[in-house]
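Here is the structure we will look at.
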Amino acid sequence: MMLTRTIVRRCCCLSVLENVEKAKKGCTCKDHKDTTYCNVALIGADSRLGELTAFLLKQNPLITMLHLQGGAGVVGLREDLAHIDTSCRVVAHSGIDNYRNAMKTANVIVLLGMGGFSSRTSIGDRVMAEGNRICKLAEKCTKYARKAIIVVCATPVSVMLPLVVDMFRRTHWYHPGRIVGFTGPVSVVLNTEIGRYQCFDPNIVDIPMIGGPDLESIVPVFSQASPCPVDREGSIEVTARLRGIEPSDFPKRAQPVNSFVRILYPEAVALNRLISAIAYGIHGDELAIGYAHVRTNIIQDCRFMVCRVRFGSHGVVHNYGIPEVNNFEQDLLERSLALLYYKEQMAREYLDYYLSKRRDILPPFKQREVEAYHEKRKSMMRG
1 MMLTRTIVRR CCCLSVLENV EKAKKGCTCK DHKDTTYCNV ALIGADSRLG ELTAFLLKQN
61 PLITMLHLQG GAGVVGLRED LAHIDTSCRV VAHSGIDNYR NAMKTANVIV LLGMGGFSSR
121 TSIGDRVMAE GNRICKLAEK CTKYARKAII VVCATPVSVM LPLVVDMFRR THWYHPGRIV
181 GFTGPVSVVL NTEIGRYQCF DPNIVDIPMI GGPDLESIVP VFSQASPCPV DREGSIEVTA
241 RLRGIEPSDF PKRAQPVNSF VRILYPEAVA LNRLISAIAY GIHGDELAIG YAHVRTNIIQ
301 DCRFMVCRVR FGSHGVVHNY GIPEVNNFEQ DLLERSLALL YYKEQMAREY LDYYLSKRRD
361 ILPPFKQREV EAYHEKRKSM MRG
């Protein structure tokens, strides 16, 4: 009897699958799309981070085609990647006039920063150097890749992501789930540090993250870490080490002196993981989960925050929100939200500066930075 039921079930399943295949073949609706491919465009691939990420994406089985846009160096990079025998096809687009060819067929567009900044470059100088380029790239995306998922990687991400979003909001193609910010190498570094601290394999460690994408505003939720939570003493030690602060001074002094120290190899690994999660979502995987800086309505004063999200075929489809936190993590989150509000205000001020087309008047945040610099020099001369 059991054998007969098994045979009947198999026959029923086969008939259902045959009907589904026939329905797919006979479907003439325009919404039916093949999701077996994922094309990625790296804008600014001639940077060091772009080169490392390209080498990882070339070996990624989820990626069908990789577009490299940048200077003349992307042609040599494509030739180097051609020696890796994988199914991913690599196309190079050198020059600033090839944005259309790089973007028009891409499902995922990664906006990389120029790089080349020293560790002493202030946040105002970084925004002034990167902002004009990012705004122009956002305009290109609204023309050539209106439905692509955009990953903003230019630092500071907490300023650049609101810029890209506000540029899209000026058009009819804005979708909050299609524009996400890269959280940097923090996830890889945290998993490695906690793995060493608890004698675990870093590949099985997962530390939830909330707050902002920058080093001084990220809040690791160690109390919800898996497979084992971290106590308060370990949380203080690891967070202080991550921010470059002495554990004895933390959390009294929570903001590091230099919050833009870049660790390229972990950053490339983390970016590859984020793109892989997005590609899984495009392919229809229901467990395409990752951490990204996204548009939220959780906090009234902050439009964007790092959250655990699930990706679908059109970007973010679910936001898991803020997990349960302890008093230590809540205190860090409150400080992080204050920094996020300040940086979102910087994005608004720079957007007004960009749209005004006047370059003789600096944006307010840069004026405040210049005034603070002169005040500091005067106090040093008096002393």
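Numbering of the sequence shown is given in the numbering used here, commencing with residue 1 and proceeding in unit increments.
Note that beta-carbon positions come from the ideal geometry of N, C-alpha and C, so glycine has one too.
Since we're looking at a predicted model, the values are computed, not measured.
Compute the beta-carbon to beta-carbon distance between Gln69 and Asn98, rounded to the nearest angstrom, for a pair I have assumed lies under 8 Å.
6 Å
What residue range is occupied by the uninterrupted alpha helix (DSSP H) comprising Ala347?
327-356
For Gly70, list the residues DSSP reports as bridge partners.
Ser94
Output yes or no for whether 7 Å exceeds the beta carbon distance between Val157 and Gly181.
yes
For the alpha helix (DSSP H) that contains Phe365, what are its first and last residues?
364-382
Can you give the Cα-Cα distance for His374 and Gly124, rounded to whole angstroms?
15 Å
Check whether Glu349 and Phe365 have beta carbons under 7 Å apart:
yes
Beta-carbon proximity list for Tyr341, same chain, < 7 Å, skipping 5 on both sides
Closer than 7 Å at the Cβ level, and outside the excluded window around Tyr341, lie Asp301, Cys302.
When the Cβ atoms of the region 220-227 are set against those of the region 320-335, are three or more pairs found closer than 8 Å?
yes
With 16 as the cutoff for other CB atoms within 10 Å, does Asp249 come out buried or exposed?
exposed
Is the CB-CB distance between Arg308 and Tyr280 below 7 Å?
no
Just to confirm the assignment, what range does the alpha helix (DSSP H) spanning Val238 have?
232-243
Going by beta carbon distance, what residues of the same chain come within less than 6 Å of Ala41, once the five residues before and after it are set aside?
His67, Ala102, Met103, Ala106, Ile109
So Tyr280 is in the alpha helix (DSSP H); what residue range does that whole segment cover?
264-282
DSSP beta-bridge partners for Phe295?
Looking at the sequence provided, one finds Arg at residue 295 rather than Phe. According to DSSP, Arg295 bridges with Phe304.
Using the three-state DSSP reduction, which class does Ser223 fall into: helix, strand or coil?
helix
How many angstroms separate the CA atom of Gly234 from the CA atom of Leu52?
32 Å
Pick helix, strand or coil for Asn39, following the three-state DSSP scheme.
It is a strand residue.
Proximity to Arg205 [Cα-Cα], best of Val316, Glu369, Lys143, Val189:
The question names Arg, but residue 205 in the sequence shown is Val. Checked all of Val316, Glu369, Lys143, Val189; the closest Cα to Val205 is Val189.
Could you confirm whether any beta carbon from chain B is found closer than 7 Å to the beta carbon of Pro202?
Of the protein chains in the structure, only one exists, and it is not chain B.
In this structure, does DSSP put Phe311 in helix, strand or coil?
strand
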